[in-house]
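Numbering (full-length UniProt numbering), first residue to last: 1 to 254. Note that CB positions come from ideal geometry on N, CA and C, so glycine has one too.
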Amino acid sequence: MPRIIAITNQKGGVGKTNITFNLSGALAEKKKKILLIDLDQQGNLSSAFLDSIYSLKITVADILLDDGMPILRAVQKTSFQKINIIPSNIDLSKIDIQLAGEPDAQYFLADKLDEIKDGYHYIIIDCPPSLGLATRIGLVASEEVIIPLECHEWAVKGTAHLRGAIAKIRKRANPKLKIMGYLINRYDGRRKLEEVYRDTILDRFKDKVFKVELKNSIRYAEAPTFKRPITSYLPLSEQAETYRRLAQEILKYG
1 MPRIIAITNQ KGGVGKTNIT FNLSGALAEK KKKILLIDLD QQGNLSSAFL DSIYSLKITV
61 ADILLDDGMP ILRAVQKTSF QKINIIPSNI DLSKIDIQLA GEPDAQYFLA DKLDEIKDGY
121 HYIIIDCPPS LGLATRIGLV ASEEVIIPLE CHEWAVKGTA HLRGAIAKIR KRANPKLKIM
181 GYLINRYDGR RKLEEVYRDT ILDRFKDKVF KVELKNSIRY AEAPTFKRPI TSYLPLSEQA
241 ETYRRLAQEI LKYG
């Protein structure tokens with residue numbers, strides 16, 4: 001059975017998609033078969049792997065809106081043998097209206113994943129920057145959650161709502177759901193204030209904070225432009241090695 005991981009934070013701009021993108025490359029390098037699921041209607045993760053996401057015939061929206069559609073029809077191959085993706089685009093915005101009156105909508109992805117679980121080691125879900133229906137769908141389908149944080153004032157305070165939502169989903173819909181850890185992203189230790197907020201994060205979440213920290217680097221932002229995770233784009237770089245260590249930490253956690 002695969003490990004199903006949601007990467008989420010209701011705050012935008014904390015690097016969820018970039019982390020999902022580069023982590024998939026590091027895990028694939030360790031011979032793990034990966035399925036990525038893009039639950040953000042912006043489709044940035046999909047665009048990092050695929051060309052012209054707006055011409056896709058089937059996306060994640062279709063499998064959520066059509067109960068009879070097999071999930072395999074939405075799976076797209078990428079240029080990386082070990083990485084497949086269920087893509088997204090603006091069509092995903094339809095679910096908020098069309099599934100608004102459906103009490104079981106949050107279970108739709110979880111039910112569909114039962115059809116393909118045996119084919120992957122990891123299923124990683126890139127959630128949108130909100131706590132709306134798409135994020136709930138992703139969390140109900142997952143077993144573990146990675147929460148990216150930047151070392152800003154909002155970091156600790158802003159997770160309270162998200163942690164509350166995770167607790168409710170665990171209680172009411174998915175008892176297997178747990179927070180794997182908090183991942184410090186875009187850290188610049190030269191800034192004293194960031195160091196202070198980093199210490200606050202470590203003090204608040206303690207051993208739930210990943211040992212690996214992602215430093216602020218333009219290299220991470222460049223990689224999706226070339227449609228290659230950092231471990232492929234710059235395999236000998238410090239940034240690639242950081243993601244290899246993160247992948248190893250995640251492997252050990254499981």
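Report task. Quick one: grab the DSSP three-state call for P224. Result -> Counting from one through the sequence shown, the residue named residue 224 turns up at place 224. It is helical.
Along the chain, where does the alpha helix (DSSP H) that runs through N18 open and close?
Counting from one through the sequence shown, the residue named residue 18 turns up at place 18. Looking at the DSSP string, the run of the alpha helix (DSSP H) that includes N18 is K16 to E29.
| Name the DSSP beta bridge partners of D38, please? | For the purposes of this step, residue 38 is taken as residue 38 along the sequence shown, with counting starting at 1. In the DSSP output, where bridge partners are listed per residue, D38 has D126.
- Message: Can you find the residues in the same chain that come closer than 7 Å, C-beta to C-beta, to P70, ignoring five residues on each side of it along the sequence?
- Response: By one-based count along the sequence shown, residue 70 stands at place 70. Cβ within range, chain order: E115.
Worksheet entry | Endpoints, the alpha helix (DSSP H) within which R204 is located | Here residue 204 refers to the residue found at position 204 of the sequence shown. Start and end: K192 to F205.
- Message: Measuring only the C-alpha atoms, how far is F49 from Q10?
- Response: In the sequence shown, residue 49 corresponds to position 49, counting from 1. In the sequence shown, residue 10 corresponds to position 10, counting from 1. Distance between the alpha carbons of F49 and Q10 is about 24 Å.
- prompt: So, is A160 buried or exposed, given that buried needs 16 or more other C-beta atoms within 10 angstroms?
  reply: Position 160 of the sequence shown, counted from the start, is the residue given in the question as residue 160. With fewer than 16 other beta carbons inside 10 angstroms of its own, A160 counts as exposed.
- In chain order, what residues of the same chain have a beta carbon less than 7 Å from the beta carbon of G43, not counting five sequence neighbours either side? By 1-based counting over the sequence shown, the position of residue 43 is 43. Taking C-beta separations shorter than 7 Å and ignoring five residues to either side along the sequence, the partners of G43 in its chain run I53, P87, S88 and N89, following chain order.
Q) Does the distance from the CB of G181 to the CB of F210 come in under 7 Å? A) On the sequence shown, position 181 is the one that residue 181 refers to. On the sequence shown, position 210 is the one that residue 210 refers to. With a cutoff of 7 Å on beta-carbon distance, G181 and F210 are scored as near each other.
Note to self: If contact is defined by three or more beta carbon pairs under 8 Å, each pair taking one atom from either stretch, is the region 73-86 in contact with the region 32-42?
What the structure shows: A contact is defined here as three or more CB-CB pairs under 8 Å, and the region 32-42 meets this definition with respect to the region 73-86.
- prompt: Count the other CB atoms within 10 Å of the CB of K16; is the residue buried (16 or more) or exposed (fewer)?
  reply: Locating residue 16 in the sequence shown gives position 16, counting from the first residue. That one is buried.
**Q.** Among A173, S93 and T231, nearest to R219 - alpha-carbon criterion
**A.** Position 219 of the sequence shown, counted from the first residue, corresponds to residue 219. For R219, the closest of A173, S93 and T231 by C-alpha to C-alpha distance is T231.
* Asked: Can you tell me whether DSSP reads Y120 as helix, strand or coil?
  -> Against the sequence shown, residue 120 aligns to sequence position 120. The answer is coil: DSSP assigns Y120 none of H, G, I, E or B.
- Item | For R3: DSSP bridge partner residues | Taking the sequence shown and counting its residues from 1, one reaches residue 3 at position 3. According to DSSP, residue pairing for R3 in a beta bridge involves Y122.
In DSSP terms, what V209 is bridged to
Within the sequence shown, the letter at position 209 stands for residue 209. In the DSSP output, where bridge partners are listed per residue, V209 has Y182.
Minimum C-alpha distance to K192 - residue among P103, H152, D91 and V156 = Here the question's residue 192 lines up with position 192 in the sequence shown. Considering only alpha carbons, the answer is H152.
ask   = Which class does I85 belong to by DSSP, given the choice of helix, strand or coil?
value = Numbered from 1 along the sequence shown, position 85 holds the residue referred to as residue 85. Three-state DSSP puts I85 in a strand.
Subject >> Test item: CB-CB of I4 and I123 under 7 Å >> reply: Counted from its first residue, the sequence shown places residue 4 at position 4. Counted from its first residue, the sequence shown places residue 123 at position 123. Contact flag set, yes.
If you follow the beta strand (DSSP E) that E144 is part of, which residue opens it and which one closes it?
Taking the first residue of the sequence shown as 1, we reach residue 144 at position 144. Run containing E144: E144 to L149, per the beta strand (DSSP E) assignment.
_For the alpha helix (DSSP H) containing N44, name the first residue and the last one._
Here residue 44 refers to the residue found at position 44 when the sequence shown is read from its first residue. N44 to F49 is the extent of the alpha helix (DSSP H) around N44.
Measuring only the C-alpha atoms, how far is S237 from L27? Taking the first residue of the sequence shown as 1, we reach residue 237 at position 237. Taking the first residue of the sequence shown as 1, we reach residue 27 at position 27. Their backbone Cα atoms lie some 17 Å apart in a straight line.
Note to self: For a test of the three-state rule: what should DSSP assign to Q10, helix, strand or coil?
What the structure shows: Translated into positions along the sequence shown, residue 10 becomes position 10. In the three-state DSSP reduction, Q10 falls in the coil class, being neither helix nor strand.
Within the continuous alpha helix (DSSP H) that includes E238, where are the two ends?
As a working note, residue 238 is residue 238 in the sequence shown. That run of the alpha helix (DSSP H) goes E238 to Y253.
Residue nearest to L162 in terms of C-alpha spacing, selected from G12, Y253 and S46:
Within the sequence shown, numbered from 1, the residue matching residue 162 stands at position 162. Answer by Cα proximity: G12.
Please confirm whether P229 and F21 have their CB atoms less than 7 Å apart.
-> Mapped onto the sequence shown, residue 229 falls at position 229. Mapped onto the sequence shown, residue 21 falls at position 21. For the pair P229 and F21, the CB atoms are nearer than the 7 Å cut-off.
Any idea what DSSP makes of K157, helix, strand or coil? Your numbering for residue 157 matches position 157 in the sequence shown. Looking at K157 - three-state DSSP - the assignment turns out to be helix.
Would you say S232 faces chain B, with C-beta separation under 7 Å as the test? Protein chains in the displayed structure number just one, and chain B is not present.
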